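Asks: This is the structure, below, for whatever I ask next.
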Amino acid sequence: MKNLKNALLLKQLYLLKQLGYSYTSVSTFQEDEPDLTLPNSLEKLKKQALECHLCDLSKSRTKVVFGEGNTEADIMFVGEAPGATEDSSGKPFIGRSGELLTKMIENVLLIPRSEVYLSNIVKCRPRDNAEPTATEAHTCHPYLVKQIALIKPKIVVALGATAYHYLSGDDSAISKVRGSLYKQQGYTLVPTYHPSYLLRNPSAKKEVFEDLKMIRGLM
Ligand code: SF4
1449 MKNLKNALLL KQLYLLKQLG YSYTSVSTFQ EDEPDLTLPN SLEKLKKQAL ECHLCDLSKS
1509 RTKVVFGEGN TEADIMFVGE APGATEDSSG KPFIGRSGEL LTKMIENVLL IPRSEVYLSN
1569 IVKCRPRDNA EPTATEAHTC HPYLVKQIAL IKPKIVVALG ATAYHYLSGD DSAISKVRGS
1629 LYKQQGYTLV PTYHPSYLLR NPSAKKEVFE DLKMIRGLM
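All letters in the sequence shown, in the order written, are residues 1449 to 1667 by this note's numbering.
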């Protein structure tokens, strides 16, 4: 909640800057506590995210990539951040790595992609496909936490080290933790490699295949 409070404060400062202010007193923000409650419907949460300017990524994005899929999915996949194709379309996982993820879901989990929910740690594309900074990831985190709370998946698959780190708070290398099960509040977290890593390292596909087979067993 502290992150969201800081993020909302930052948003107010951006608004004032746009209005031409170069100085303001901190006390301006101490009188009225902003409403820190995120909407309790996915639709309203998405609407809020689509208009979000809480972090620097809003300055360079084309579209906010909130997430898509079955809003009552048992399995949710969380990646790091939208790429160029996602940024221009507003849809998650539609580039080459998205195609690979779709094949993995449909050929190994044996369910259509539309049956799962897909999202990312940050909803806006970092410039040059850089890893999101800790500030950006923490600022965006309340949206992801709320998405998970509303969708209530039984399994959340963290795709890659960044997704695993921000979902678990653990800094361990993805190669050490992949394929393990981590009990979180209300769901099981399963880390595995990100499909973009598999495009660069096709030999790791067999490990992801094993991880997905395990997930199929859990289903
Ligand atoms: S990345 Fe998240 S917090 Fe930052 S502007 Fe986009 S939606 Fe808002």
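Beta carbons: idealized from backbone N, C-alpha and C, even for Gly. Quick caveat: nothing in here was measured; it's all calculated off a predicted structure.
Roughly how many angstroms lie between the CA atoms of ILE1596 and VAL1605, to the nearest whole one?
Replies: Looking at the two C-alpha atoms, the distance is approximately 12 Å.
Asks: In whole angstroms, what separates the C-alpha of SER1489 from that of VAL1512?
Replies: Cα to Cα, the separation comes out at about 18 Å.
Asks: DSSP three-state label for PRO1482, please.
Replies: Confidence at PRO1482 is low in this model, with a pLDDT of 48, below 50, so the placement of that residue should be treated as unreliable; the coordinate-derived value is given next. PRO1482 falls in the coil class under three-state DSSP.
Asks: Can you tell me the Cβ-Cβ gap for GLU1528 and PRO1580, rounded? I've got them flagged as a contact below 8 Å.
Replies: Contact holds; Cβ gap of about 7 Å.
Asks: Where THR1636 and SER1470 are concerned, what is the direct C-alpha to C-alpha distance, given to the nearest angstrom?
Replies: Those two C-alpha atoms are separated by around 47 Å.
Asks: Shortest alpha-carbon distance to GLY1617 belongs to which of LEU1548, TYR1591, LYS1600 and PRO1639?
Replies: When each option's Cα is compared against that of GLY1617, the closest is PRO1639.
Asks: Put PRO1601 into one of helix, strand or coil per three-state DSSP.
Replies: In this structure, PRO1601 counts as coil in the three-state DSSP scheme.
Asks: Within the same chain, show all residues whose beta-carbon is closer than 7 Å to that of ARG1561, passing over the 5 residues directly before and after it, in chain order.
Replies: These residues qualify, in order along the chain: THR1550, ILE1553 and GLU1554.
Asks: Name the two residues that bound the continuous alpha helix (DSSP H) containing ILE1553.
Replies: That residue, ILE1553, is in no alpha helix (DSSP H); it is neither H nor E in DSSP.
Asks: Spatial neighbours of VAL1625 within its chain, please: CB distance less than 6 Å, with the 5 preceding and 5 following residues excluded, ordered by chain position.
Replies: Taken in chain order, the residues that qualify are PRO1639.
Asks: Just to confirm my understanding: we take ALA1585, look at its own chain, exclude 5 residues before and 5 after, and list those with CB closer than 7 Å. What are they?
Replies: Once the five neighbours on either side are set aside, the close Cβ partners of ALA1585 are ILE1569, VAL1570 and TYR1614.
Asks: State the DSSP-derived secondary structure class of SER1628, mapped to helix, strand or coil.
Replies: Correct three-state label for SER1628: coil.
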